[in-house]
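In our numbering, the protein residues as written are 405 to 638.
The beta carbon of each residue, even a glycine, is placed where N, CA and C say it ideally should be.
This report refers to the structure that appears directly beneath it.
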């Protein structure tokens, strides 16, 4: 059983704030995006503008982002609010969904019934052509996030703007939680953030905030959450 000491985070503990990008037209129409480079829609821009000063108030010293437009555009709002340059990193990209890109859930089921059934059963031994597995995503994303924390000084905060599914998968891995616990966490809304704080003894992390942020920054800007397992839509 872990001891209280094992989760101690003192004033020198570093924080990593993981932000999901703002809304896109494909989020609105429930189309899988993956690596397809869809920009923010008008609501997404308003969400990012409302979120940015709140994240800037956490006093980050570094700002990283997925190189996909929806994340990079979101990150630039944070950068302007915090006075930071955006450092793009392709390792923060969403799961590639391969030939599922651009499809709604019904279209996915009709075009790839075998793969859809496997997806529903959380079976990654059967994937749409070109799609990444969770192991593929973690192999690039977890080293990136650990490297960001290592780049921070004692007590400093960094921000990484990324995507819903890969964010949640990496979070579980860093918290040393089984993948089966994914269902215990709601899908992150657009332009909300999750905060991980390191344990100063041994490199572990603890969750200090999840799905935080402004949910309705203006008329028409209410987030439309992805469908359950929409983990691969973001």
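Item: Where residue 461 falls, given that 16 or more other Cβ within 10 Å makes a residue buried; Value: exposed
Item: Heavy atom of the ligand ATP within 7 Å of residue 541 beta-carbon; Value: Annotation note on the ligand ATP: not contained in the displayed structure, which lists no ligands.
Item: Boundaries of the beta strand (DSSP E) in which residue 437 is found, first to last residue; Value: Unbroken run through residue 437: none, as it is neither H nor E.
Item: 8 Å Cβ cutoff met for residue 579 and residue 546; Value: no
Item: For residue 465, three-class secondary structure by DSSP; Value: coil
Item: C-beta contact flag for residue 464 and residue 613 at 8 Å; Value: no
Item: Identity of the residues DSSP links to residue 419 by a beta bridge; Value: 561 and 601
Item: Proximity winner among 434, 422, 588 and 607, relative to residue 510 (alpha-carbon distances); Value: 434
Item: Coarse secondary structure for residue 568, derived from DSSP in three states; Value: helix
Item: Cβ-based neighbour list, residue 486, same chain, cut-off 6 Å, excluding 5 preceding and 5 following; Value: 460 and 464
Item: Euclidean distance between Cα positions of residue 490 and residue 532; Value: 33 Å
Item: Three-state secondary structure assigned by DSSP to residue 519; Value: helix
Item: Span separating the alpha-carbon of residue 471 from that of residue 414; Value: 33 Å
Item: Buried or exposed by the 16-neighbour rule on C-beta atoms within 10 Å, applied to residue 529; Value: exposed
Item: Per-residue DSSP class, three states only, for residue 628; Value: Residue confidence for residue 628 is low, a pLDDT of 38 falling below 50, so the modelled location carries little weight; the figure read from the coordinates is stated next. Residue state, collapsed to three classes: coil.
Item: Three-pair Cβ contact test at 8 Å for the region 416–432 versus the region 444–456; Value: yes
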